[in-house]
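Remarks on the structure that follows.
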Amino acid sequence: MRIRFKLFAKRQIYVPTLWGWLLLGAAMVGLSLGCLYRAYPFLAYENAIDAKVFITEGWMPDHTLEQSLPMLTAGPDRLILATGGPIGAGSHLSAYKSYAEVVAATLMKLGVDEEQIVVIPYQAVDRGRTCAAALEVREWLQKNPGVTRANLVTTGPHARRSYLTFRKVLPRTFELGVCVVPPEDYDPQRWWTYSEGFRTVVSEAIAYTYARLIGVR
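Heads up, my numbering is the position in the sequence shown plus 2, with the first residue counted as 1.
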């Protein structure tokens, strides 16, 4: 019995020549180098606005707060919203129950007036700590309608994702800027040559992509 239909068909395809492969390889190398050089500047998004209120994130290292002091203490009318979640390991040994309190205490130790600091802690969450902080700030803003603009203070490649999260959570009419303090444990211009820099930038790139595609959590 003859089979009346074909299971296979002959097709012709074009494949790159040697020069074609070389050109494709060069293009891929160029694209990779471009990503290396542009990844950090893209993630460390900075767009400060003229504002007297500043929002800090509880996970930031001390050097970030130290380098932020000039703008945080530029006048007696400055106000700092210190956010942060519960302290994990060592909480029973600490006098502070949240990283928001730790940031506030650190700032006061550095010379900031206590009256210029508002402690805004958030409850423990499985994920989405930045979103949890933004939600608490939004609630505080609802009780303080006179505050209509602020700068988010953060560090390194976490900036763009933090800004994205706060921007989506806070009211549209609220003006939000972002101030970025560079990291101390690696060179931002050559982040891929440092284990800490590579881990941080790559993880933030993945997290930002997830936040853009899936939404902030």
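A virtual CB, placed ideally from N, CA and C, is assigned to each residue, including glycine. A quick note: this is a predicted structure, and the numbers were derived from the prediction, not measured.
Fill in: Inter-residue spacing [alpha-carbon to alpha-carbon] between V139 and E206
Straight-line spacing of the CA atoms in V139 and E206 works out to 23 Å.
Item to complete: Less than 8 Å between the CB atoms is what I'm expecting for G87 and Y101, so what's the real figure, rounded?
Response: Contact holds; Cβ gap of about 6 Å.
Practice prompt. Output the boundary residues of the alpha helix (DSSP H) element that contains F240.
Written response: The first residue shown for the chain is 3 and the last is 219, placing residue 240 beyond what the model contains.
Worksheet item: How should L215 be labelled, buried or exposed, when 16 other C-beta atoms within 10 angstroms of its C-beta is the threshold for buried?
Response: Sixteen is the threshold: since fewer than 16 other Cβ atoms of the shown chains lie within 10 Å of the Cβ of L215, the residue is exposed.
Worksheet item: What distance in whole Å lies between the Cβ atoms of L172 and V166, which are believed to be in contact at a cut-off of 8 Å?
Response: The sequence shown places Leu at residue 166, not Val. Under the criterion of beta carbons closer than 8 Å, L166 and L172 do not qualify as touching, at roughly 11 Å.
Worksheet item: Which word fits V17, buried or exposed, when buried means at least 16 other C-beta atoms lie within 10 angstroms of its C-beta?
Response: Counting Cβ neighbours within 10 Å, V17 comes out exposed, since fewer than 16 surround it.
Practice prompt. Please check the pair G199 and Y188, which I expect to be a contact at CB under 8 Å, by giving their CB distance rounded to whole angstroms.
Written response: Yes, they are in contact, since the Cβ atoms of G199 and Y188 sit about 3 Å apart, within 8 Å.
Practice prompt. Using the Cα positions of A152 and L24, report the straight-line distance between them to the nearest angstrom.
Written response: Roughly 51 Å between the two C-alpha positions.
Discussion item. Using a 10 Å radius around the Cβ and a threshold of 16 neighbouring Cβ atoms, would you call G158 buried or exposed?
Written reply: Buried, since its Cβ has 16 or more Cβ neighbours within 10 Å.
Worksheet item: Hey, A76 and V203 are a contact pair by Cβ (cut 8 Å); roughly how many whole angstroms apart?
Response: Contact doesn't hold; Cβ gap of about 31 Å is too wide.
Worksheet item: If we count the other Cβ atoms within 10 Å of its Cβ and call it buried at 16 or more, is N10 buried or exposed?
Response: It should be noted that the sequence gives Phe, not Asn, for residue 10. Taking a 10 Å sphere around the C-beta of F10, we find fewer than 16 other C-beta atoms and assign the residue as exposed.
Discussion item. For L81, tell me which candidate among Q69, V55, Y47 and E59 has the shortest Cα-Cα distance.
Written reply: Considering only alpha carbons, the answer is V55.
Fill in: Selection from P43, I51, I122 and N146 that minimises the alpha carbon distance to Q191
Closest by alpha carbon: P43.
Worksheet item: If we ignore side chains and look at the alpha-carbon of each, how far apart do W193 and V149 end up?
Response: When rounded, the distance between both Cα atoms is 37 Å.
Discussion item. Considering only heavy atoms of the ligand ADP, does any lie closer than 8 Å to the CB of L83?
Written reply: Only the bare structure without any ligand can be found here, which leaves the ligand ADP out of the picture.
Practice prompt. Could you tell me whether the Cβ atoms of W142 and V120 are closer together than 9 Å?
Written response: For the 9 Å CB-CB criterion, W142 and V120 form a contact.
Worksheet entry | Secondary structure of V17, DSSP reduced to three states | Three-state result, V17: coil.
Worksheet item: Based on the DSSP secondary-structure assignment, which residues constitute the bridge partners of F56?
Response: In the DSSP output, where bridge partners are listed per residue, F56 has I82 and N153.
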